[in-house]
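A quick write-up on the structure given underneath.
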Amino acid sequence: MISGEFDLSIGSLIGFSSMSLTLLTVETNLTMPVASLITLIMVLIIGYYNGITVVKSGLPSFIITLGSLFMIRGFTIAISKIITGRTQIGGIEESKGFNIMSSVFSNHLTIAGTNFPISIFWWMLFGVLGYFLLKHTQFGNWIFATGASQESAKLMGIPVQKVKISLFMLTAFCSWFIAVTQVTTFGGADVLRGEQKEFIAIIAVVIGGTLLTGGYGSIIGAMIGALIFGIVKQGIIFAGVDADWFQVFMGVMLVSAVLVNGAFRKKYAQG
Amino acid sequence: MVLLGKNMLRDSNQIVLKNIYKNFGNVKALKNVSMTTDSGKINCILGDNGAGKSTLVNIISGVFLSDKGEYRINNKTVEFLNPHEAISAGISTVYQSLAIIPIMNIYRNFFLGNEPLNNEYFKIIDKGFAIETTIKELKKFDINIENPKRLAGTLSGGERQLLAIARALYFGAKILILDEPTSALGVKESNKVVEQIILLKEQNINVILVSHNIDQAFMLGDKFFIIKNGEMVGHLDKFETSAKSLRTILEK
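So the sequence lines, in the order shown, correspond to chains D and G. Note that the working numbering has the first sequence beginning at 283, numbered continuously upward. Note that the working numbering has the second sequence beginning at 54, numbered continuously upward.
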């Protein structure tokens, strides 16, 4: 989103990846690592398609990836019905390679007597990597420039199109990663996995201070946004408040964050 | 393209355009335009909107190729297929609106697209060098920045223009095209920029100033090229003209 584009297809890509991974493992006898690699390649191709379509058509990525969202979700449901007659598949625990995958993606680590899911460490690792990429590398600089002003970036010789395409492939990779984590945690796939994740991602990023128009934002902000989202979601249940209020709260947070961010942009972005 | 080494450009940085024509479909944007600009001089291109100033500038800076005619730098014929080829030959353009990204900080703006790296493999930006150099280069233009991590949007309009000029020179520009550098600025900011543009002559830069502010151009310029409807209608040195007669030619 810092580069000025949205990827709404991530939720459906999670569903697609988890289904593809499980089907390839359960139905074709491939080992799970191989199946996840094949899935990763397919997902990256979809990410590339998203990117190239946005870049070549010049249309808003909001629309292009909304299209991808429905295409991928529909395709996933249809294919899994054709092959298995169901939309949920389990039984992946018995397949070859499950234990290795599970120990990497969904293990629990015990630190000081408390059990932590390994996904927390993955989350932090990706956070640190993302922070480093954005703030300290040339590519990170190009991402900011592309989002802030595509025309200026082009004039300075930045390959704007390549930047955007690789970012769409990166979000696709992240969807795949979440899918693998989910499949190893739940021992199976559901075509509806990842539903509405795209909106949660946008909310977390915007609450974290990223401009909807691109060009400004941070990983740390997005991580705090995600934390706020998670804490409120759990906390509202413990507080004994009807969980429906959670959605109201998130909506209010989202709009206020956009207004604050917009005011910031107005202050500095004039001519 | 013809590659021009830096030493070839050191001497005169002269640009010669001869009998240039450029059409866009049926529109004749430039008809038989010739001009010569020298280094250490401020060469003004004057004309109304739509007269062909931008087309001419775009041909010099490598955005377009001319349909017909000759383009020479230091007596070598050149043909730039894109702006990068022109930039590597020492020709930089500072556009009034697109020069600086306001929501990006100052030193990142300065090095945008030319980031200094301290690790080639991971492409890690050498921030210390970038920050130091930015402070140093801006000082040459009388801008004192203590914290180049500030957003460029916090600079005044004149400072932003000067930042863009400083950047172009730092990256080796010998021929500098300024597209309406003061048109969006107030009087005070405008004067700051003008003072620094005059100082560019001492650095032996070939400055090509595009303007429709005749009084300012006359004050600054050494040579004046007046374009009207795609034709070069006037071609004057400072000593042989006045702001008044320039205006008469333009409005005739």
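Note that CB positions come from ideal geometry on N, CA and C, so glycine has one too. Since the structure is predicted, the reported quantities are computational estimates derived from the model, not experimental observations.
Requested in this report: Assign residue 234(G) to buried or exposed, taking buried as 16 or more other Cβ atoms, counted over all protein chains shown, within 10 Å of its Cβ.
Outcome: Indexing the second sequence from 1 puts residue 234(G) at position 181. Its Cβ being crowded by 16 or more others within 10 Å, residue 234(G) is buried.
Query raised in the report: Does residue 54(G) get closer than 8 Å to chain D when you measure Cβ to Cβ?
Result: As a first step, residue 54(G) is located in the second sequence; it is residue number 1 there, counting from the start. Confidence at residue 54(G) is low in this model, with a pLDDT of 41, below 50, so the placement of that residue should be treated as unreliable; the coordinate-derived value is given next. By this cut-off, residue 54(G) is not an interface position.
Query raised in the report: Does DSSP classify residue 289(D) as helix, strand or coil?
Result: Taking the first sequence and counting its residues from 1, one reaches residue 289(D) at position 7. It is coil, neither helix nor strand.
Query - Own chain residues within Cβ distance below 8 Å of residue 409(D), not counting five before or after - result: The residue you call residue 409(D) lines up with position 127 of the first sequence. So the list reads 501, 502 and 505, once near-sequence residues are dropped.
Requested in this report: Drop a sphere of 10 angstroms on the beta-carbon of residue 164(G), count the other beta-carbons inside from all chains shown, and report buried for 16 or more, exposed for fewer.
Outcome: Locating residue 164(G) in the second sequence gives position 111, counting from the first residue. Classification for residue 164(G): buried.
Query - Buried/exposed call for residue 106(G), threshold 16 Cβ in 10 Å - result: Taking the second sequence and counting its residues from 1, the one referred to as residue 106(G) is at position 53. Answer is buried; the Cβ neighbour count reaches 16.
Query raised in the report: Near residue 385(D), which residues of its chain fall below 6 Å by C-beta distance, leaving aside the five closest residues on each side in sequence?
Result: Taking the first residue of the first sequence as 1, we reach residue 385(D) at position 103. Same-chain partners within the cutoff: there are none.
Report task. Compute the distance between the beta-carbons of residue 295(D) and residue 325(D), then report whether it is under 8 Å. Result -> Along the first sequence, read from residue 1 onward, the residue named residue 295(D) stands at position 13. Along the first sequence, read from residue 1 onward, the residue named residue 325(D) stands at position 43. Yes, these two residues count as a Cβ contact at 8 Å.
**Report entry** Collapsed DSSP secondary structure at residue 165(G) in the structure displayed
**Finding:** Walking along the second sequence from the start, residue 165(G) turns up at place 112. Correct three-state label for residue 165(G): coil.
Requested in this report: Report the option in 347(D), 493(D) and 417(D) whose CA atom is closest to the CA atom of residue 536(D).
Outcome: Walking along the first sequence from the start, residue 536(D) turns up at place 254. Comparing Cα positions, the closest option is 493(D).
**Report entry** Exposed unless 16 or more other CB atoms sit within 10 angstroms - verdict on residue 232(G)
**Finding:** Here the question's residue 232(G) lines up with position 179 in the second sequence. Buried is the call here.
Report task. Would you list, in chain order, the members of the stretch 417-448 of chain D that have their beta-carbon closer than 7 Å to a beta-carbon of chain G? Result -> 418, 419, 420, 421, 423, 426, 427, 430, 431, 433, 434, 437, 438, 439 and 440
Query - Local conformation of residue 223(G) per DSSP, three classes - result: If you number the second sequence from 1, residue 223(G) lands on position 170. Residue 223(G): helix per DSSP, three-state reduction.
Requested in this report: Tell me whether residue 437(D) sits in a helix, a strand or coil according to DSSP, three-state version.
Outcome: Numbered from its first residue, the first sequence carries residue 437(D) at position 155. Note: residue 437(D) maps to helix in three-state DSSP.
Query raised in the report: How many Å lie between residue 380(D) and residue 465(D) at the Cα?
Result: Here residue 380(D) refers to the residue found at position 98 of the first sequence. Here residue 465(D) refers to the residue found at position 183 of the first sequence. Roughly 10 Å between the two C-alpha positions.
Query raised in the report: How is residue 543(D) classed by DSSP in three states: helix, strand or coil?
Result: Position 261 of the first sequence, counting from 1, holds the residue named residue 543(D). The answer is helix: DSSP assigns residue 543(D) an H, G or I state.
Query raised in the report: Taking the C-alpha atoms as reference points, what is the distance between residue 406(D) and residue 509(D)?
Result: Here residue 406(D) refers to the residue found at position 124 when the first sequence is read from its first residue. Here residue 509(D) refers to the residue found at position 227 when the first sequence is read from its first residue. In a straight line, the C-alpha of residue 406(D) is about 12 Å away from that of residue 509(D).
Query raised in the report: With C-beta atoms as the reference, is residue 216(G) less than 8 Å away from residue 156(G)?
Result: Position 163 of the second sequence, counted from the first residue, corresponds to residue 216(G). Position 103 of the second sequence, counted from the first residue, corresponds to residue 156(G). Going by C-beta atoms, residue 216(G) is not nearer than 8 Å to residue 156(G).
Requested in this report: Assuming residue 249(G) contacts residue 195(G) (C-beta within less than 8 Å), just tell me the rounded distance between them.
Outcome: Numbered from its first residue, the second sequence carries residue 249(G) at position 196. Numbered from its first residue, the second sequence carries residue 195(G) at position 142. Correct: roughly 7 Å between the Cβ atoms.
Requested in this report: Classify residue 111(G) as helix, strand or coil using the three-state DSSP reduction.
Outcome: Residue mapping note: residue 111(G) aligns to position 58 of the second sequence, counting from 1. In the structure shown, residue 111(G) sits in a helix (DSSP, three-state: H, G or I).
Query raised in the report: According to the Cβ coordinates, are residue 320(D) and residue 471(D) closer than 8 Å?
Result: In the first sequence, residue 320(D) corresponds to position 38, counting from 1. In the first sequence, residue 471(D) corresponds to position 189, counting from 1. Taking 8 Å as the Cβ cut-off, residue 320(D) and residue 471(D) do not qualify as a contacting pair.
Query raised in the report: Are the stretch 329-345 of chain D and the stretch 469-484 of chain D in contact at 8 Å, needing three or more beta carbon pairs?
Result: no
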